[in-house]
């Protein structure tokens with residue numbers, strides 16, 4: 001597994017790289033993700049593009065997994081790690097399992113829809129054959145900041161303050 005001997009500072013470096021994928025102004029919920037291979041190279045990345053593509057499945061994680069699978073020429077992404085700024089939802093957690101990605105690092109916790117421990121825990125469900133090693137809360141404040149700003153701006157532009 002990619003995560004086993006990875007020092008915390010390396011996880012933070014990867015998260016900073018992923019945070020760098022977020023560029024304002026944001027037209028969708030600002031979430032970014034990247035798939036790293038065993039050498040530490042990014043083989044797939046993505047940002048939320050649901051509104052831009054009119055595709056409700058165009059979450060950052062799905063975008064990153066799709067790109068990584070295409071680059072590898074395989075739907076199985078063993079020996080990789082997904083790094084994402086927000087705890088994955090159920091769809092993205094399912095995509096992680098389908099791609100057999102063994103390691104997940106996420107930043108901010110998602111208390112309403114988080115499917116990696118906050119609400120439910122899809123990736124460590126005992127009934128499922130594949131398990132994912134998870135490290136959550138990496139640079140959580142830095143990852144939450146773009147989200148808080150996005151929703152604050154959205155509320156004020158809709159007169160909800």
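In full-length UniProt numbering, the protein residues as written are 1 to 161. Backbone N, C-alpha and C define an ideal beta-carbon position, used for all residues, glycine too.
Between which two residues does the alpha helix (DSSP H) harbouring residue 153 extend?
It spans 140-157 - the alpha helix (DSSP H) in which residue 153 sits, taken as one unbroken run.
Assuming residue 164 contacts residue 49 under a Cβ cut-off of 8 Å, what Cβ separation, rounded to an integer in Å, is found between them?
Here the chain covers residues 1 to 161 and nothing more, so residue 164 does not appear.
Provide the residue span of the beta strand (DSSP E) that contains residue 46, from first to last.
DSSP places residue 46 in the uninterrupted beta strand (DSSP E) bounded by 42-47.
Span of the beta strand (DSSP E) holding residue 96?
Careful: residue 96 lies outside any beta strand (DSSP E), inside the alpha helix (DSSP H) at 90-98.
Buried or exposed by the 16-neighbour rule on C-beta atoms within 10 Å, applied to residue 40
Label assigned to residue 40: exposed.
On the criterion of 16 or more Cβ atoms from any shown chain inside 10 Å, does residue 103 qualify as buried, or is it exposed?
By the 16-neighbour rule on beta-carbons within 10 angstroms, residue 103 is buried.
Is the Cβ-Cβ distance between residue 100 and residue 65 less than 8 Å?
No.
Should residue 151 be labelled buried (16 or more other beta-carbon atoms within 10 Å of its own) or exposed?
By the C-beta density criterion, residue 151 is exposed, having fewer than 16 other C-beta atoms within 10 angstroms.
Under 8 Å between the Cβ atoms of residue 84 and residue 106?
Pairing residue 84 with residue 106 gives a Cβ-Cβ distance under 8 Å.
Within the stretch 58-85, note down every full alpha helix (DSSP H) run reaching 4 residues or more, in order along the chain.
DSSP runs (the alpha helix (DSSP H)) wholly in the stretch 58-85: 60-72.
Residue from 124, 78 and 79 with nearest C-alpha to residue 90
Residue nearest to residue 90 within the set 124, 78 and 79 is 124 (criterion: CA-CA distance).
So what's residue 34 in DSSP terms, helix, strand or just coil?
Residue 34: strand per DSSP, three-state reduction.
Taking the continuous beta strand (DSSP E) assigned at residue 108, which residues delimit it?
Residue 108 -> beta strand (DSSP E) spans 103-108.
Along the chain, where does the alpha helix (DSSP H) containing residue 135 start, and where does it finish?
No alpha helix (DSSP H) contains residue 135, which is instead part of the beta strand (DSSP E) from 133-135.
How would you call residue 110, buried or exposed, if buried means at least 16 neighbouring beta carbons within 10 angstroms?
Per the 10 Å Cβ criterion, buried.
Note down the Cα distance separating residue 1 from residue 79, rounded to an integer number of angstroms.
Caution is warranted here: a pLDDT of 44 is assigned to residue 1, below 50, making its placement in the model unreliable, and no coordinate value can be reported.
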